[in-house]
Amino acid sequence: MTSFAPKTAEQATDVIKVHGRTKLSAFNKDGITGAKLEINHLIVYAIRRPGRPDTTMRLVKHHRGTVLMYRDARGTITWITDWGSSATPARCDVRDGYIHPAYPDSAPDREVPVGTPTDPYVLDEERHTGECRAAKRT
(Lines of atoms letter the chains of each structure in order from A and count residues from 1; the text may use other names and numbers.)
(Lines give C-alpha, C1' and ligand atoms only; values in the text may rest on other atoms or scores of the structure.)
Protein backbone atom coordinates (compact mmCIF):
# COMPACT_ATOMS: atom_id res chain seq x y z
CA MET A 1 0.00 0.00 0.00
CA THR A 2 1.22 3.48 -0.81
CA SER A 3 0.19 6.43 1.34
CA PHE A 4 1.09 9.90 0.18
CA ALA A 5 1.10 12.70 2.74
CA PRO A 6 -2.24 14.54 2.75
CA LYS A 7 -2.52 17.24 0.05
CA THR A 8 0.88 16.37 -1.51
CA ALA A 9 -0.16 14.24 -4.48
CA GLU A 10 -2.99 13.09 -6.69
CA GLN A 11 -2.91 10.55 -9.49
CA ALA A 12 -2.32 12.15 -12.87
CA THR A 13 -3.75 9.10 -14.68
CA ASP A 14 -5.74 5.98 -13.82
CA VAL A 15 -2.74 3.82 -14.78
CA ILE A 16 -0.41 2.34 -12.14
CA LYS A 17 2.39 0.24 -13.63
CA VAL A 18 3.76 -2.78 -11.77
CA HIS A 19 6.82 -4.85 -12.68
CA GLY A 20 8.48 -7.49 -10.58
CA ARG A 21 8.72 -11.01 -9.28
CA THR A 22 6.87 -13.15 -6.81
CA LYS A 23 8.50 -16.43 -5.86
CA LEU A 24 6.78 -19.22 -3.95
CA SER A 25 8.94 -22.00 -2.53
CA ALA A 26 9.09 -24.42 0.38
CA PHE A 27 10.94 -23.67 3.63
CA ASN A 28 12.13 -25.75 6.58
CA LYS A 29 13.26 -23.84 9.65
CA ASP A 30 13.66 -25.25 13.16
CA GLY A 31 11.56 -28.28 12.23
CA ILE A 32 8.73 -26.18 10.80
CA THR A 33 7.89 -26.63 7.12
CA GLY A 34 5.66 -24.49 4.98
CA ALA A 35 5.56 -22.03 2.11
CA LYS A 36 7.92 -19.10 1.59
CA LEU A 37 6.73 -16.11 -0.45
CA GLU A 38 9.28 -13.58 -1.69
CA ILE A 39 8.21 -10.39 -3.45
CA ASN A 40 10.24 -7.79 -5.32
CA HIS A 41 8.13 -5.24 -7.18
CA LEU A 42 8.42 -1.80 -8.72
CA ILE A 43 5.22 0.24 -8.68
CA VAL A 44 5.19 3.38 -10.83
CA TYR A 45 2.68 6.15 -10.24
CA ALA A 46 2.05 9.22 -12.40
CA ILE A 47 1.36 11.90 -9.79
CA ARG A 48 1.12 15.67 -9.52
CA ARG A 49 0.49 18.32 -6.92
CA PRO A 50 -3.28 18.48 -6.36
CA GLY A 51 -4.85 20.62 -9.08
CA ARG A 52 -1.47 21.30 -10.72
CA PRO A 53 -1.12 19.33 -13.99
CA ASP A 54 2.12 21.25 -14.73
CA THR A 55 3.84 19.31 -11.90
CA THR A 56 3.14 15.81 -13.27
CA MET A 57 5.98 13.33 -12.66
CA ARG A 58 6.60 9.64 -12.04
CA LEU A 59 7.19 8.26 -8.56
CA VAL A 60 8.71 4.77 -8.28
CA LYS A 61 8.08 2.65 -5.19
CA HIS A 62 10.30 -0.42 -4.75
CA HIS A 63 8.69 -2.97 -2.46
CA ARG A 64 10.44 -6.10 -1.16
CA GLY A 65 9.40 -8.69 1.36
CA THR A 66 9.53 -12.27 2.60
CA VAL A 67 6.64 -14.08 4.28
CA LEU A 68 6.64 -17.61 5.72
CA MET A 69 3.33 -19.48 6.02
CA TYR A 70 2.66 -22.78 7.76
CA ARG A 71 -0.04 -24.66 9.65
CA ASP A 72 0.03 -25.91 13.20
CA ALA A 73 -2.56 -26.75 15.90
CA ARG A 74 -3.61 -23.09 16.07
CA GLY A 75 -4.34 -22.86 12.33
CA THR A 76 -2.54 -21.06 9.52
CA ILE A 77 0.38 -18.93 10.71
CA THR A 78 1.76 -16.03 8.65
CA TRP A 79 5.24 -14.90 9.68
CA ILE A 80 6.64 -11.74 8.06
CA THR A 81 10.42 -12.05 8.17
CA ASP A 82 11.34 -9.08 5.95
CA TRP A 83 9.22 -6.20 4.69
CA GLY A 84 10.15 -2.79 3.32
CA SER A 85 10.03 -0.28 0.54
CA SER A 86 11.56 2.89 -0.80
CA ALA A 87 10.18 5.67 -2.99
CA THR A 88 11.88 7.92 -5.57
CA PRO A 89 11.74 10.91 -5.82
CA ALA A 90 10.64 11.46 -2.25
CA ARG A 91 11.81 13.70 0.56
CA CYS A 92 14.24 12.18 3.05
CA ASP A 93 13.78 14.75 5.80
CA VAL A 94 10.21 13.82 6.76
CA ARG A 95 9.61 10.54 8.59
CA ASP A 96 5.94 10.40 9.44
CA GLY A 97 4.97 7.18 7.65
CA TYR A 98 3.78 8.95 4.49
CA ILE A 99 5.54 9.45 1.17
CA HIS A 100 6.29 13.12 0.57
CA PRO A 101 7.00 13.49 -3.17
CA ALA A 102 10.02 15.62 -4.08
CA TYR A 103 8.80 17.71 -7.00
CA PRO A 104 11.31 19.65 -9.12
CA ASP A 105 10.01 22.90 -7.56
CA SER A 106 10.07 21.58 -3.96
CA ALA A 107 12.15 23.31 -1.31
CA PRO A 108 15.56 21.64 -0.90
CA ASP A 109 15.60 18.55 1.28
CA ARG A 110 17.25 19.14 4.67
CA GLU A 111 18.83 15.67 4.47
CA VAL A 112 21.41 15.24 1.71
CA PRO A 113 21.21 11.93 -0.22
CA VAL A 114 24.33 9.76 0.10
CA GLY A 115 26.13 7.29 -2.12
CA THR A 116 26.36 6.75 -5.83
CA PRO A 117 23.04 7.53 -7.55
CA THR A 118 21.00 4.38 -8.14
CA ASP A 119 18.52 3.58 -10.88
CA PRO A 120 15.06 3.22 -9.26
CA TYR A 121 13.91 0.97 -12.12
CA VAL A 122 16.44 -1.81 -11.33
CA LEU A 123 14.76 -4.65 -9.41
CA ASP A 124 17.95 -6.16 -8.04
CA GLU A 125 19.55 -2.93 -6.85
CA GLU A 126 21.41 -3.40 -3.56
CA ARG A 127 19.20 -2.61 -0.59
CA HIS A 128 20.20 0.35 1.60
CA THR A 129 17.95 0.33 4.66
CA GLY A 130 17.52 3.58 6.53
CA GLU A 131 19.66 5.71 4.23
CA CYS A 132 18.57 8.54 2.01
CA ARG A 133 19.99 7.48 -1.36
CA ALA A 134 20.51 9.55 -4.48
CA ALA A 135 18.65 8.43 -7.63
CA LYS A 136 19.55 8.78 -11.31
CA ARG A 137 16.11 9.37 -12.79
CA THR A 138 12.40 8.69 -12.61
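Here this note's numbering is used: the first residue of the sequence shown is 1, the next is one more, and so on. We put the beta carbon where it would ideally sit given N, CA and C, even for glycine.
Using the C-alpha atoms, what's the distance from residue j back to residue i?
{"i": "His-41", "j": "Lys-61", "result": "8 Å"}
{"i": "Asp-124", "j": "Asp-82", "result": "16 Å"}
{"i": "Tyr-98", "j": "Ser-3", "result": "5 Å"}
{"i": "Arg-127", "j": "Lys-136", "result": "16 Å"}
{"i": "Glu-111", "j": "Asp-96", "result": "15 Å"}
{"i": "Met-69", "j": "Ser-106", "result": "43 Å"}
{"i": "Pro-53", "j": "Ile-80", "result": "39 Å"}
{"i": "Gly-31", "j": "Val-114", "result": "42 Å"}
{"i": "Ala-5", "j": "Ile-43", "result": "17 Å"}
{"i": "Arg-71", "j": "Thr-22", "result": "21 Å"}
{"i": "Ala-73", "j": "Gly-20", "result": "35 Å"}
{"i": "Phe-27", "j": "Gly-84", "result": "21 Å"}
{"i": "Cys-132", "j": "Tyr-45", "result": "20 Å"}
{"i": "Pro-117", "j": "Asp-93", "result": "18 Å"}
{"i": "Asp-14", "j": "Leu-37", "result": "29 Å"}
{"i": "Thr-33", "j": "Ile-77", "result": "11 Å"}
Measure the beta-carbon distance from residue i to residue j and round it to whole angstroms, keeping in mind my assumption that it falls under 8 Å.
{"i": "Tyr-121", "j": "Thr-55", "result": "Not a contact, Cβ separation roughly 21 Å."}
{"i": "Arg-48", "j": "Glu-10", "result": "6 Å"}
{"i": "Leu-24", "j": "Ala-35", "result": "6 Å"}
{"i": "Gly-75", "j": "Ile-39", "result": "The Cβ separation is near 23 Å, so there is no contact."}
{"i": "Pro-89", "j": "Pro-101", "result": "7 Å"}
May I ask you to list the residues that DSSP assigns as paired with residue i?
{"i": "Val-94", "result": "Val-94 is not bridged to any residue."}
{"i": "Pro-101", "result": "Ala-90"}
{"i": "Arg-133", "result": "Val-114"}
If you follow the beta strand (DSSP E) that residue i is part of, which residue opens it and which one closes it?
{"i": "Thr-81", "result": "75-88"}
{"i": "Ala-151", "result": "It is not possible to answer for residue 151, since the shown part of the chain is limited to 1 through 138."}
{"i": "Lys-23", "result": "10-29"}
{"i": "Val-60", "result": "52-72"}
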